[in-house]
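Heads up, the thing below is written out as structure tokens.
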Amino acid sequence: MPHSHRLQDLTSTFTSNVFLRESLKTLNMSGGYGYKSYADSELSPSTFQPLLSLRALQHVILGLAGLKHLNDAWLEEAAVAWPDLRTFIISKTENCFSLKGLIPLLKNCRRITTLELHPTASHFDLSLLPADG
17 MPHSHRLQDL TSTFTSNVFL RESLKTLNMS GGYGYKSYAD SELSPSTFQP
67 LLSLRALQHV ILGLAGLKHL NDAWLEEAAV AWPDLRTFII SKTENCFSLK
117 GLIPLLKNCR RITTLELHPT ASHFDLSLLP ADG
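Here the working numbering is used: the first residue of the sequence shown is 17, the next is one more, and so on.
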């Protein structure tokens, strides 16, 4: 079974717990190195879709090799699903986010204090940024 299917099964099982969906505040998923690397599996946004049901999350750290396809659309879904987000760190991506993709995080996650993503530098309309207040 490919690693991405195992990880998706894990996230689905993990999020099926009603208590965790409403109480889990910190999620740190790191790894995928060595001979069982996720890097070759190319983890897709659907692998992480079940995590969006964890509405109480405040700290999310995803450091899995193979996060090549998490994109701006997934960032927007995460920003809506996790409005109380304070820490959001995604490493090991290969420039799949754009600067414009950060806007939903700025609009929806007003308590965010730590943000570590690696977006591609691209032009976007500055009027899309949220106003102060």
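Where a beta carbon is used, it is the ideal one built from N, C-alpha and C, also for glycine.
Under the three-state DSSP convention, the category residue i falls into
i: residue 44; result: strand
i: residue 33; result: coil
i: residue 22; result: helix
i: residue 91; result: helix
i: residue 60; result: coil
i: residue 121; result: helix
i: residue 67; result: helix
Option in the options with minimal Cα separation from residue i
i: residue 120; options: 104, 96 and 107; result: 96
i: residue 94; options: 28, 26, 30 and 61; result: 61
i: residue 122; options: 63, 100 and 27; result: 100
i: residue 85; options: 68, 64, 76 and 98; result: 64
i: residue 166; options: 66, 22, 98 and 30; result: The displayed coordinates of the chain run from 17 to 149. Any statement about residue 166 would go beyond what the structure contains.
i: residue 89; options: 115, 107 and 76; result: 115
Proximity below 8 Å, CB of residue i to CB of residue j
i: residue 74; j: residue 37; result: no
i: residue 46; j: residue 70; result: no
i: residue 135; j: residue 113; result: yes
i: residue 39; j: residue 72; result: yes
i: residue 78; j: residue 117; result: no
i: residue 67; j: residue 106; result: no
Where residue i falls, given that 16 or more other Cβ within 10 Å makes a residue buried
i: residue 83; result: buried
i: residue 34; result: exposed
i: residue 41; result: exposed
i: residue 129; result: exposed
i: residue 26; result: exposed
The ligand SAM heavy atom lying under 7 Å from the CB of residue i
i: residue 97; result: As presented, the structure is devoid of all ligands, the ligand SAM included, so that no description of it is given.
Residue i - partner residues in DSSP beta bridges
i: residue 76; result: 43 and 104
i: residue 130; result: 103
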